[in-house]
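Residue numbers (mature numbering (1 follows the signal peptide of the UniProt record, and there is no 0)): -25 to -1, 1 to 358.
Even glycine gets a Cβ: it sits at the ideal position worked out from N, Cα and C.
Nothing here was measured: the structure is a model prediction, and the numbers come from that model.
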Amino acid sequence: MARLSSFFIFSFFLQVALFATCCRGESKEQQHQLPKKHVPFIIFGDSILDAGNNNYINTSTLDQANFWPYGLTFFNYPTGRFSDGRLIPDFIAKYAKLPLIPPFLQPGFRQYYLGVNFASAGAGALVETFQGFVIDLKTQLRYYYKVDSWFRHKLGNGEAKATMSRAVHLFSIGTNDYASPFLTNSTILNNYNKSTYVGMVIGNITTVINGMYKRGGRKFAFINLPDLGCVPGMRVIKSGNNGSCFEEATRLASLHNKALSKLLYDLEKQLKGFKYSLFDLNSNLRQRMEHPSKYGFKEGETACCGTGEYRGVLSCGGKRPVKEFQLCKHPQKYVFWDSLHLTERTYKQLADQMWGGATSDSHDVGPYNIKQLFSNSLNHRYN
């Protein structure tokens, strides 16, 4: 117990040091050194992007990752990220020459010039998804409005709207809307056919995009859903499934991805100045699961941390309902970190594709990559 207490005390001071480092660029002196048309990075979504917001809410350890061995590869302590190290937005920020973007709820963080992260592990587009335990997308939009008001107070209405039009808004949302009914034994899918349920999720995403557009948001980057039924945590849901993919979840993810692609295509036609990047996580992750050695991995289906078949039980760290877990020796050899999330190495490979992937001869990312969204050539100017 004493050793455990010492570990968390040590972790606390390390986190303070990191937060001081990542926010150092927000002093008054450095604010004045920001380029006139700098591009903020604003992040929405779920555990794929959550940098630690759930550390600061009253929730379950199922929706938190602020304990060992999370963070062991890069940070050497748990930050709240659901991985052994950095996530996609951490790499994107690095490539855009930005510091790590802090979580909105981080105590003392009140300077948003460079960006902010609203993502919450377990969050969905539907308010009902893990309700009471997460920061749903509608609430994340409310937080965005607060940040927009902060910019207006600091810069004036015109310059604030211009700044928001330059910002890149990154989204990963929807996985929990389709996974939660199976993980919680909910009957909600009995009340709707699949197309109607997907339409509800896409409808809420549309509402959020339109709300941001009205405040000046013009540049959006979306990550589509993985082959949901084939991630380790979904393979073990049904007893007697023999480790095969959970097809019902896979079908929902496929319907969602088609609807999301159509939505973004239509919005670009309807909304003046709307630009987007859509990354095909589904096919890129499947390739790594089926052909791990091609991408430098040894294991594409079994997670590094967890227990049970495929280590598909979300027990990593021993702080959740199931206490038993196994931890691999070399996370960099695994595609999956735990039953639902990826290793830092996997996230870096995906971030590289999102940032600079070819858009002309590939369906991995398009119609723009994220590097192009950060480019001044795409900035929309308000008069």
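Range of the contiguous beta strand (DSSP E) that encloses residue 18: By 1-based counting over the sequence shown, the position of residue 18 is 43. Start and end: 16 to 20.
Chain-order list of residues whose beta-carbon lies under 7 Å from that of residue 334 (same chain, five-residue window excluded): As a first step, residue 334 must be located in the sequence shown, where it is residue number 359. Excluding its 5 nearest sequence neighbours in each direction, residue 334 has C-beta neighbours in its own chain below 7 Å: 340, 341, 342, 343 and 344, listed in chain order.
Residue from 22, 69, 49 and 289 whose Cα sits closest to the Cα of residue 60: On the sequence shown, residue 60 is found 85 positions in, with the first residue counted as 1. For residue 60, the nearest C-alpha among the options comes from 49.
Between the CA atoms of residue 316 and residue 257 - distance to the nearest angstrom: Position 282 of the sequence shown, counting from 1, holds the residue named residue 257. Position 341 of the sequence shown, counting from 1, holds the residue named residue 316. Between residue 257 and residue 316, the C-alpha separation is close to 14 Å.
Own chain, CB closer than 7 Å to residue 321, minus 5 neighbours either side, in chain order: By 1-based counting over the sequence shown, the position of residue 321 is 346. Taken in chain order, the residues that qualify are 263 and 310.
Under the three-state DSSP convention, the category residue 163 falls into: Mapped onto the sequence shown, residue 163 falls at position 188. In this structure, residue 163 counts as helix in the three-state DSSP scheme.
Cut-off 7 Å between Cβ atoms - residues of its own chain near residue 73, not counting five sequence neighbours on either side: In the sequence shown, the residue the question calls residue 73 occupies position 98. If we look at residue 73 and ignore the five residues flanking it on each side, its Cβ neighbours are 16, 89 and 90.
Cβ-based burial, residue 362 [other Cβ within 10 Å; buried from 16]: In the structure as shown, the chain starts at -25 and stops at 358, and residue 362 therefore has no counterpart that could be examined.
Assumed close pair residue 145, residue 64 - CB separation to whole angstroms, cut-off 8 Å: To locate residue 145, count along the sequence shown from 1; it is residue 170. To locate residue 64, count along the sequence shown from 1; it is residue 89. Between residue 145 and residue 64, the beta carbon gap of about 6 Å places them in contact (Cβ cut-off 8 Å).
Nonlocal neighbours in the same chain, by C-beta distance under 7 Å from residue 216, ignoring five residues either side: The residue you call residue 216 lines up with position 241 of the sequence shown. Once the five neighbours on either side are set aside, the close Cβ partners of residue 216 are 210.
Cα-Cα separation, residue 172 to residue 305: Looking up residue 172 in the sequence shown gives position 197. Looking up residue 305 in the sequence shown gives position 330. When rounded, the distance between both Cα atoms is 40 Å.
Meets three-Cβ-pair contact criterion under 8 Å: the region 38 to 53 and the region 277 to 293: At 8 Å Cβ cutoff, the stretches touch.
Residue nearest to residue 226 in terms of C-alpha spacing, selected from 248, 202, 207 and 244: Taking the first residue of the sequence shown as 1, we reach residue 226 at position 251. That would be 202, whose Cα lies nearest to the Cα of residue 226.
Complete runs of the beta strand (DSSP E) confined to the region 79 to 147 [at least 3 residues]: Runs of the beta strand (DSSP E) spanning 3 or more residues and lying entirely within the region 79 to 147 occur at 90 to 92 and 143 to 147, in chain order.
Where the alpha helix (DSSP H) through residue 269 begins and ends: Locating residue 269 in the sequence shown gives position 294, counting from the first residue. The continuous stretches of alpha helix (DSSP H) do not include residue 269, and DSSP gives it neither H nor E.
Reduced DSSP category for residue 350 - H, G, I as helix; E, B as strand; rest coil: Numbered from its first residue, the sequence shown carries residue 350 at position 375. For residue 350, the secondary structure class from DSSP, reduced to helix, strand or coil, is coil.
Inter-residue CB distance, residue 155 and residue 114 (contact presumed, cutoff 8 Å): Against the sequence shown, residue 155 aligns to sequence position 180. Against the sequence shown, residue 114 aligns to sequence position 139. Not really, about 16 Å apart at Cβ, beyond 8 Å.
Distance, residue 54 Cα to residue 62 Cα: For this step, residue 62 is matched to residue 87 along the sequence shown. For this step, residue 54 is matched to residue 79 along the sequence shown. Rounded to the nearest angstrom, the two C-alpha atoms are 11 Å apart.
Where residue 34 falls, given that 16 or more other Cβ within 10 Å makes a residue buried: Here residue 34 refers to the residue found at position 59 of the sequence shown. Burial call: buried.
Inter-residue Cα distance where the pair is residue 301 and residue 112: Position 326 of the sequence shown, counted from the first residue, corresponds to residue 301. Position 137 of the sequence shown, counted from the first residue, corresponds to residue 112. Between residue 301 and residue 112, the C-alpha separation is close to 33 Å.
Residue nearest to residue 69 in terms of C-alpha spacing, selected from 338, 323, 100 and 20: Taking the first residue of the sequence shown as 1, we reach residue 69 at position 94. With distances taken between Cα atoms, residue 69 lies closest to 323.
Assigned exposure category for residue 271 - 16 Cβ within 10 Å defines buried: To locate residue 271, count along the sequence shown from 1; it is residue 296. Counting C-beta atoms within 10 angstroms of its own C-beta, residue 271 has fewer than 16 neighbours from the protein chains shown and is therefore classed as exposed.
First through last residue of the beta strand (DSSP E) which encompasses residue 42: As a working note, residue 42 is residue 67 in the sequence shown. No beta strand (DSSP E) holds residue 42; DSSP gives it neither H nor E.
Chain-order list of residues whose beta-carbon lies under 7 Å from that of residue 294 (same chain, five-residue window excluded): Taking the first residue of the sequence shown as position 1, residue 294 is located at position 319. Taken in chain order, the residues that qualify are 36 and 42.
Per DSSP, cross-strand counterpart(s) of residue 66: Within the sequence shown, numbered from 1, the residue matching residue 66 stands at position 91. Beta-bridge partners of residue 66 (DSSP): none assigned.
Per-residue burial, residue 52 [other beta carbons within 10 Å of its own, 16 or more giving buried]: Position 77 of the sequence shown, counted from the first residue, corresponds to residue 52. Taking every protein chain shown into account, the CB of residue 52 has 16 or more other CB atoms within 10 angstroms, so this residue is buried.
First through last residue of the alpha helix (DSSP H) which encompasses residue 244: Numbered from its first residue, the sequence shown carries residue 244 at position 269. Element bounds for residue 244: 222 to 245.
Nearest-angstrom Cβ-Cβ length linking residue 151 and residue 97, presumed shorter than 8 Å: Position 176 of the sequence shown, counted from the start, is the residue given in the question as residue 151. Position 122 of the sequence shown, counted from the start, is the residue given in the question as residue 97. Confirmed, about 6 Å.
Pick from 123, 58 and 107 that is closest to residue 79, judged by C-alpha positions: Residue mapping note: residue 79 aligns to position 104 of the sequence shown, counting from 1. The option with the nearest alpha carbon to residue 79 is 123.
Minimum C-alpha distance to residue 284 - residue among 318, 207 and 107: Looking up residue 284 in the sequence shown gives position 309. The shortest CA-to-CA distance from residue 284 to any of 318, 207 and 107 is the one to 207.
Status (buried if at least 16 other CB within 10 Å, exposed otherwise) for residue 58: Here residue 58 corresponds to residue number 83 of the sequence shown, with the count starting at 1. Classification for residue 58: buried.
Residues bridged to residue 197 (per DSSP): For the purposes of this step, residue 197 is identified with residue 222 of the sequence shown, where counting begins at 1. According to DSSP, residue 197 bridges with 146 and 253.
One or two residues paired with residue 288 in a DSSP bridge: Numbered from its first residue, the sequence shown carries residue 288 at position 313. Answer by DSSP bridge pairing, in chain order: 282.
Residue 211, DSSP secondary structure in three states: Stepping through the sequence shown from its first residue, residue 211 is reached at position 236. Coil, per DSSP.
Coil, strand or helix - residue -1 by DSSP: Here residue -1 refers to the residue found at position 25 when the sequence shown is read from its first residue. Here the model assigns residue -1 a pLDDT of 40, short of 50, so the residue's position is not dependable and the matter cannot be decided.
Where residue 183 sits in the DSSP three-state scheme: Translated into positions along the sequence shown, residue 183 becomes position 208. In the three-state scheme derived from DSSP, where H, G and I count as helix and E and B as strand, residue 183 is classed as helix.
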